[in-house]
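The sequence shown begins at 1 in full-length UniProt numbering and counts up one residue at a time. Where a beta carbon is used, it is the ideal one built from N, C-alpha and C, also for glycine. The structure displayed is predicted, hence computed values, not measured ones. Presented below is the structure to which this report refers.
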Amino acid sequence: MRQDGLPPVKDAGLTGYFSQVTHPCQIALLGRITVEILRQERRLTRTAVCLKMIARLDATSDETEAAHLMVLLRMLFNR
């Protein structure tokens, strides 16, 4: 039993995913995506985050943002 009350990293779900993101641009991008989902009064799930990132990737013309989105998507699927 863990004393800190937190689940192990492998079972942490989105919390574990969010904690892996370290690049400031990626943190800001993930924050904007999270706010968009919550403002739509939707649940914050892996699926919702993934769909938002894919939609942004499809719509962006900025190569830097596209690269950050690809890294974030890879991290999301790397379980």
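Report yes if the CB atom of residue 60 is closer than 7 angstroms to the CB atom of residue 67, and no otherwise. no
Leaving out five residues on either side along the sequence, give the residues of the same chain with a beta carbon under 6 angstroms from the beta carbon of residue 20. 75
Is the Cβ-Cβ distance between residue 48 and residue 42 less than 7 angstroms? yes
Close beta carbons around residue 27, own chain, < 7 angstroms, minus the five adjacent residues each side: 21
Could you give the distance in angstroms between the alpha-carbon of residue 24 and the alpha-carbon of residue 31? 10 angstroms
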